[in-house]
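Report on one structure; see the data block that follows.
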Amino acid sequence: MADSGAPTSTEYIVHHLTNLTVGEGFWTLHLDTLIVSGLLGLVVFGFMMMLARKASSGVPSGWQNFVEMVVSMVDTQVRDTFHAKSNLVTPLAITIFIWVFVMNAMDLIPVDFVPMTAHAAGVPYLKIVPTTDPNLTFAMSLTVFAIMIGFNFKFKGAGGFLKEALTVPFGKYLFPVNLLFRIIEDIAKPVSLALRLFGNMYAGEMVFILLAVWAGASFLWAPFAATLSLGWALFHILIITLQAFVFMMLTVVYMSMAAEHH
Amino acid sequence: MNINATLFGQALWFAVFIWLTMKYIWPPLQKAMKDREKQIADGLAASEKGRQELEQAAQRVKEELQKAREQASEILAQAEKRSGELVEEAKVNARAEGERIVTAAKAEIEQEVNRAREQLRAQVSVLAVTGAEKILKREIDAQAHAQLLQGLEAELR
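Protein chains in written order, with numbering that gives the first Met the number 0: chain A, 0 to 261; chain W, 0 to 156.
Right, dumping it as structure tokens:
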């Protein structure tokens, strides 16, 4: 809270939670979310592409080893859960895990660092953690949802999909109930995926901001708040990894449910 | 929480990254990992095979060594036996040879003795004739008395 003009705590918090936007109403674009997530993705996936192009079956060195470790971890999870044949699921899971992880990791940058730098450069608002934007989490979960529907049609066919929606779990005579259940179940999937990630990251960011407010509020409490902040950051390393893993894992589970007959 | 057009932009980013991973990241990495897995498995299998072969070779060496040792001792025993035989044979030969030499020497001595006796006899008869000539102091017809002398000679034998 070192903005010139000494904002109040409320102003400080609101400032930190405001996106950099262009446009009006529904056609607003959150530039910070789009640019930060895009840049992170381009850097990370570009780097991985470079590695993959040079990847050899010989002794893996340094980064290749690391990337292979992550990728094969994801692949193992996918193979344990998803038993149908598809060359989309593993890349999808890899993309989700790595992208969500690096975006979440932005949470570990001190809360004031990037917004203040941006402010100095003339950008009024900048939210550095893209996963605290529900637009991003919903974009991902809805894409997953679309692929899931696609899988349903691909692996069961339109008839099989319809039959399953109407007869599971209570048999054909209760088909309206079955259909209702199915609709609720399927809608709950993308909503829960998106809100879980958003909620965790938003809350985590909020704690960082509040600790920063506390540290700025009183000279006496500053060391205590700073220590807590460090502790929270260490704990957060676990959370960002866990959330990336959960998003990936649930996606794979949903894909597997879509691909297999009940 | 305001949902807006950012959603579409983010979905687009997501799609792009999925596509990148699917096309350019996962397949080469997967291939590299699979190949390496295979190489390692092959290497392990080869080393296992090598180990087995080594074991077999060691076993064979042991057997060969045992066999060689047996052969050597057999040969040694044979040689000993043969040498004993040879010594025995040589002894027998030597004894026979010695006997033969002794016999030959004896025969020769006897021959020599006979010859000397013959010469002696001839000379004795000549001496006898000469003595008789001198005693009779007259010429004796050698031819007329040859028969007589021969009879004498035969008597002396």
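Where is the CB? At the ideal position from N, CA and C, for every residue including glycine.
Check the Cβ of residue i against every Cβ in chain A and list those closer than 7 Å, keeping chain order.
{"i": "Leu19 of chain W", "result": "Phe44 and Met48"}
{"i": "Leu6 of chain W", "result": "Asn134, Phe137 and Ala138"}
{"i": "Gln58 of chain W", "result": "What Gln58 of chain W touches in chain A: nothing, since even the nearest Cβ is about 35 Å away."}
So is residue i in contact with chain A if we call contact Cβ pairs under 9 Å?
{"i": "Gly42 of chain W", "result": "no"}
{"i": "Gly49 of chain W", "result": "no"}
{"i": "Asn1 of chain W", "result": "yes"}
{"i": "Ala45 of chain W", "result": "no"}
{"i": "Gln55 of chain W", "result": "no"}
{"i": "Gln65 of chain W", "result": "no"}
{"i": "Lys30 of chain W", "result": "yes"}
{"i": "Lys33 of chain W", "result": "yes"}
What does residue i touch in chain W if you count any residue whose Cβ is under 7 Å from its own?
{"i": "Trp98 of chain A", "result": "Phe16"}
{"i": "Ser60 of chain A", "result": "Simply none; closest approach about 12 Å."}
Give the DSSP-derived three-state secondary structure of residue i in the structure shown.
{"i": "Val21 of chain A", "result": "strand"}
{"i": "His260 of chain A", "result": "coil"}
{"i": "Leu159 of chain W", "result": "Since the first residue shown for chain W is 0 and the last is 156, residue 159 of chain W is missing from the structure and cannot be characterised."}
{"i": "Leu11 of chain W", "result": "helix"}
{"i": "Leu229 of chain A", "result": "helix"}
{"i": "Leu28 of chain A", "result": "strand"}
{"i": "Phe112 of chain A", "result": "helix"}
{"i": "His82 of chain A", "result": "coil"}
{"i": "Lys105 of chain W", "result": "helix"}
{"i": "Leu219 of chain A", "result": "coil"}
{"i": "Phe169 of chain A", "result": "coil"}
{"i": "Asn64 of chain A", "result": "helix"}
{"i": "Ala115 of chain W", "result": "helix"}
{"i": "Gly37 of chain A", "result": "helix"}
{"i": "Phe120 of chain A", "result": "It is Ala, not Phe, that sits at residue 120 of chain A in the sequence shown. Looking at Ala120 of chain A - three-state DSSP - the assignment turns out to be coil, as it is neither helix nor strand."}
{"i": "Ser255 of chain A", "result": "helix"}
{"i": "Asp74 of chain A", "result": "helix"}
{"i": "Gly57 of chain A", "result": "coil"}
{"i": "Asp132 of chain A", "result": "coil"}
{"i": "Pro6 of chain A", "result": "coil"}
{"i": "Met0 of chain A", "result": "Low confidence applies to Met0 of chain A: its pLDDT is 40, below 50, so where it sits in the model is not reliable enough to give any reading."}
{"i": "Ala4 of chain W", "result": "coil"}
{"i": "Ile127 of chain A", "result": "coil"}
Please confirm if residue i has its CB atom under 9 Å from at least one CB of chain W.
{"i": "Ile186 of chain A", "result": "no"}
{"i": "Thr272 of chain A", "result": "Outside the displayed range of chain A (0 to 261) lies residue 272 of chain A, so it cannot be described from this structure."}
{"i": "Asp132 of chain A", "result": "yes"}
{"i": "Phe150 of chain A", "result": "no"}
{"i": "Asp2 of chain A", "result": "The pLDDT assigned to Asp2 of chain A is 45, lower than 50, so where the model puts this residue is not dependable; a value taken from the coordinates is nonetheless given after this. Closer than 9 Å: no."}
{"i": "Ala83 of chain A", "result": "no"}
{"i": "Pro168 of chain A", "result": "no"}
{"i": "Arg52 of chain A", "result": "yes"}
{"i": "Ser71 of chain A", "result": "yes"}
{"i": "Leu249 of chain A", "result": "no"}
{"i": "Ile93 of chain A", "result": "yes"}
{"i": "Leu33 of chain A", "result": "yes"}
{"i": "Gln242 of chain A", "result": "no"}
{"i": "Asp74 of chain A", "result": "yes"}
{"i": "Ser36 of chain A", "result": "yes"}
{"i": "Gly156 of chain A", "result": "no"}
Using a C-beta to C-beta distance shorter than 9 Å, which residues of chain W count as neighbours of residue i?
{"i": "Leu87 of chain A", "result": "Ile17 and Met21"}
{"i": "Pro90 of chain A", "result": "Ile17, Trp18, Leu19, Thr20, Met21, Lys22, Ile24, Trp25 and Pro26"}
{"i": "Ile236 of chain A", "result": "Correct list: empty, because the minimum Cβ distance to chain W is about 23 Å."}
{"i": "Leu141 of chain A", "result": "Leu6 and Ala10"}
If residue i and residue j are in contact, beta carbons under 8 Å, what's the gap, nearest whole angstrom?
{"i": "Val42 of chain A", "j": "Ile97 of chain A", "result": "So it is not a contact: roughly 11 Å between Cβ atoms."}
{"i": "Val99 of chain A", "j": "Ala243 of chain A", "result": "4 Å"}
{"i": "Met147 of chain A", "j": "Met254 of chain A", "result": "6 Å"}
{"i": "Phe16 of chain W", "j": "Ala138 of chain A", "result": "With 8 Å as the limit, Phe16 of chain W and Ala138 of chain A do not qualify as a contact, their Cβ atoms being about 12 Å apart."}
{"i": "Glu252 of chain A", "j": "Thr75 of chain A", "result": "In the sequence under discussion, the amino acid at residue 252 of chain A is Val, which differs from the Glu named in the question. Not quite, the Cβ-Cβ distance comes to about 15 Å (not below 8 Å), so this is no contact."}
{"i": "Phe197 of chain A", "j": "Pro129 of chain A", "result": "Between Pro129 of chain A and Phe197 of chain A the Cβ distance is about 11 Å, and since that is not below 8 Å, they are no contact."}
{"i": "Pro90 of chain A", "j": "Thr20 of chain W", "result": "4 Å"}
{"i": "Leu28 of chain W", "j": "Glu67 of chain A", "result": "6 Å"}
Give the residues of chain A in contact with residue i, contact being defined as C-beta atoms less than 8 Å apart.
{"i": "Arg68 of chain W", "result": "Simply none; closest approach about 48 Å."}
Run through chain W and tell me which residues come within less than 8 Å of residue i, C-beta to C-beta.
{"i": "Ser55 of chain A", "result": "Ala31"}
{"i": "Glu67 of chain A", "result": "Leu28, Ala31 and Met32"}
{"i": "Gly40 of chain A", "result": "Trp12, Val15 and Phe16"}
Shorter than 8 Å, the distance from the beta carbon of residue i to the closest heavy atom of the ligand SAH, or not?
{"i": "Gly230 of chain A", "result": "The ligand SAH is not part of this structure, which contains no ligands at all."}
Legend entry - Under 9 Å (Cβ pairs) to chain W, residues found in the stretch 7 to 28 of chain A: Asn18, Thr20, Gly22, Gly24, Phe25, Trp26, Thr27 and Leu28
Inset, instruction - Residues of the stretch 185 to 214 of chain A with a CB closer than 7 Å to any CB of chain W: list them in chain order, please. - result: Residues of the stretch 185 to 214 of chain A with a C-beta less than 7 Å from any C-beta of chain W: none at all.
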